[in-house]
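Colleague:
Numbering (the numbering used here), first residue to last: 226 to 360.
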């Protein structure tokens, strides 16, 4: 059975926040959903643990299947100063087309970012879900 994971996309200055773990792998912030919490609660908790940011709002975007995880992907509007915390050793900002982090980024994070970048945006830059996702 695949692990349930909350995965969070935070944009800072037009770039996507990534965390680097102890093994040098670069990925989107997130982690396992505890038995006593919702995916939304897990997203807020993991964001705070790994980046010290506080989620002011979370928008569920989509589910994503990877070989080991079932990701519930959220977009977050967050406040605070981003600092590596918990099991993160460093934070990185990723811009579309950036190849510097590509070799160290998890395949699931790459795929999730590609899907995210394809989403339409409203006038404020907030991702809009296609009508088919709401059915």
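Note that beta-carbon positions come from the ideal geometry of N, C-alpha and C, so glycine has one too.
Return the first residue and the last residue of the beta strand (DSSP E) that residue 282 is part of.
Modeller: Segment 279-290, the beta strand (DSSP E) holding residue 282.
Colleague: Considering only the alpha carbon of each residue, which of 344, 242, 338, 329 lies closest to residue 248?
Modeller: Per the Cα distances, 329.
Colleague: Would you call the region 257-269 in contact with the region 312-322, where contact means no fewer than 3 C-beta pairs closer than 8 angstroms?
Modeller: No, the region 257-269 is not in contact with the region 312-322.
Colleague: Output the distance between the C-alpha atoms of residue 253 and residue 327, rounded to the nearest integer angstrom.
Modeller: Those two C-alpha atoms are separated by around 13 angstroms.
Colleague: Using the Cα positions of residue 227 and residue 233, report the straight-line distance between them to the nearest angstrom.
Modeller: Straight-line Cα distance between these residues: approximately 18 angstroms.
Colleague: Apply the 10 Å Cβ neighbour rule to residue 290 and answer buried if 16 or more other Cβ atoms are within range, or exposed otherwise.
Modeller: Exposed, by the Cβ-count rule.
Colleague: For the beta strand (DSSP E) that residue 304 lies in, which residues bound it at each end?
Modeller: Its beta strand (DSSP E) spans residues 294-304.
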